[in-house]
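So the protein lines, in turn, are chains B and A. Per the numbering used here: the first sequence = residues 841 to 1071. Per the numbering used here: the second sequence = residues 2 to 297. For glycine and all other residues, C-beta sits at the position ideal for the given N, C-alpha and C.
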Amino acid sequence: MIEGFRLGVFSRGATIWDGLDFAFGDAAAWLVAGPPSSGKTLLLSVLRGERRPDAGDVVVSGESLYRGDASLVRAWRASCGHVAEHATADGRLTVGDLFRRSAMAGGGVREGERKERADRLLEMVGLPGATEWRVAELSISERVRACLAAELLRGPKVLFCDGVVAGAGIPFREMLRGLFRALAREGNTVVLAERAIPERWALAAGDGEPVGPFRVYRLPGPAAAVKGEPG
Amino acid sequence: MSERPSLWWIDWRLSRGPLVREATGRFLFFCLLGFALLSLILSGGAGRFIADRYAITAVLRTEVPQAEAEGLARKVAALPPVRSAAYRDPEVAWKEFLRAYPGMEPLRGAGGNPLPGYIEIRIRPERLTGADVRLVTSALRSVSHVEQVLAGDEWLPRLLRAEHIVSWAFRGIFGAFLAGFFLVCRLQERARAVALAGDFAFLAERGVPAGRLAFFRAAGAAVSGFLLAAAGTAAGGGALFLSLRTFPFLENVIGPSYELILPRTVAAAALFSLVVALLSGAASLLGWMAARSRRK
């Protein structure tokens, strides 16, 4: 369980938000929707233990991230995956390099195993045979999907995705929804930050809970989705 | 998968091509530096060259019997600074004199050979100091069989001072090359840290402490620096060995090839490799810090 208590962030000379409470349960996919410049990326970095909030605290499995031991934050970050909105555009890197460094962050995976899993993951996100492609030459959609696949290589317990659904584009939305559901079913937690929830997802997830400038949705599992979704 | 990723050889795992190029360049540089270092150790700068040409001559009294003169030469040879002490009898001395001054045969008239025997003493290159020369000459002067000791007392201090300056100049040049290595190494490490900044930020974001990254990078640089220096010095030593065997006249200036495997030579090479390891580690840390401050 990831909980944010009375979170407040002060940035660019103004209070972005203050006194917000969040609770993201385990083994579920969550979507935080908010308008541009509402602080979604900031919220994810606060939840990831990357940026100390100016007010409040984040508690993970009952332990404070910002008032506790520094090693706890490191362990928490090590268990998290993160796909940034502006995924890397390092001209030197190939898609295969993304997997290599992801494997390194996860403690190392044998090369043969890494390649095999990378091929499977790339195929899953619609990028078969992209290992040798340069990241700088990919479209935004391809880049986002390649980064997501690379993060999944480590099997993170918690996955934070910033603008991934919008970045991947409409043709890949349902594939991503299936992927997030599968991850949640396997006991992982997925937290998405998006400007808006896709319409079909909203139909299944309901109205969501308003929290400050955001609306927080819990994406239902397959059974609930079948019930909630027309057609 | 473990929560603490192994960061050993992280640069190698992230960026093999540039690292191979750097390592090849460093190895070749250490081959040259190793050659120079071993030449310097064996030759003692200009010490061996001068020691090879400098000799103390103990002129014996004419009445000293050959057996006693040879016994005295053996005793002198046992003195710690002495490399060799050889007795030359009056006949040999006369022949040498004639070789040096042809046409002086008439000097040997009815009175016979006018020259006395003498002992030629050569000093070990590493012991060619004013104090050691004084030790030998004072020991010789106290012997009643010795008529005169010729040790170049007037010009020896100047010669030793010149040798000292030349030796330190050689060491200074070697040190300058080592400092140059450190500066180039630091620039390379910094460039690599900048190039890999994205990867390091990625790892830091995923819970890998920056300090740990810097430590393991420096440790990797130190270990690889040690191995490269050791391999380069060994290769340089091999080249020096072959050079000394192929061109024996070099032994007069540098030293005999068997000295390459003496414990003190091996210890000096190991010390050099350790110094390179320390410099490599420090260059890695400084390069890392410079790259980070540039990002800030």
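Taken in chain order, the complete alpha helix (DSSP H) segments of 4 residues or longer contained in the segment 938-970 of chain B are 951-964. Residues of chain B whose Cβ lies closer than 7 Å to the Cβ of residue 209/A are, in chain order, 945. The C-beta of residue 206/A comes closer than 9 Å to at least one C-beta of chain B. The C-alpha of residue 199/A is placed about 24 Å away from the C-alpha of residue 184/A. For residue 196/A, the nearest CB of chain B lies under 9 Å from its own CB, placing it at the interface with that chain. In this structure, the beta-carbon distance from residue 57/A to residue 123/A falls below 9 Å.
Listed along the chain, the chain B residues whose CB falls inside 8 Å of the CB of residue 14/A are 940 and 944. Excluding the 5 residues flanking it on each side, residue 867/B has same chain C-beta neighbours closer than 6 Å at 1024 and 1027, in chain order. Using a CB distance cut-off of 9 Å, residue 926/B does not count as an interface residue toward chain A.
Leaving aside the five residues that flank residue 1020/B on each side, the residues in its chain whose CB is nearer than 6 Å to its CB run, in chain order, 869 and 1030.
The Cβ of residue 48/A sits no closer than 9 Å to any Cβ of chain B. The segment 977-1047 of chain B is shown to contain whole beta strand (DSSP E) runs of 3 or more residues at 998-1002 and 1029-1034, in chain order.
Looking at the DSSP output, residue 897/B bridges to 845/B. Secondary structure at residue 21/A: helix, using DSSP grouped into helix, strand and coil. Proximity to residue 53/A across 121/A, 60/A, 245/A and 230/A peaks at 121/A, based on C-alpha coordinates. Residue pairing from DSSP places residue 57/A in a beta bridge opposite 122/A.
For residue 881/B, the enclosing alpha helix (DSSP H) begins and ends at 880-887. Around the C-beta of residue 189/A, 16 or more other C-beta atoms lie within 10 Å, and the residue is accordingly described as buried.
Straight across, the Cα-Cα distance linking residue 998/B with residue 281/A is about 39 Å.
Contact between residue 292/A and residue 191/A holds, with the beta-carbon distance rounding to 5 Å and staying under 8 Å. Beta-carbon to beta-carbon, residue 89/A and residue 146/A are separated by about 14 Å, too far to satisfy the 8 Å threshold. A Cβ of chain A is located within less than 9 Å of the beta carbon of residue 933/B. Each residue's CA atom was taken as its position, placing residue 186/A and residue 51/A some 37 Å apart.
The beta carbon of residue 152/A sits closer than 7 Å to the beta carbons of 57, 134 and 138 from its chain, once the five residues preceding and following it are set aside; these are given in chain order. Against residue 1044/B, chain A offers no close residue; the least beta-carbon distance is about 31 Å (beta-carbon pairs closer than 7 Å). A distance of 9 Å or more separates the beta carbons of residue 883/B and residue 850/B. Residues of chain A with a Cβ closer than 7 Å to the Cβ of residue 890/B are, in chain order, 206.
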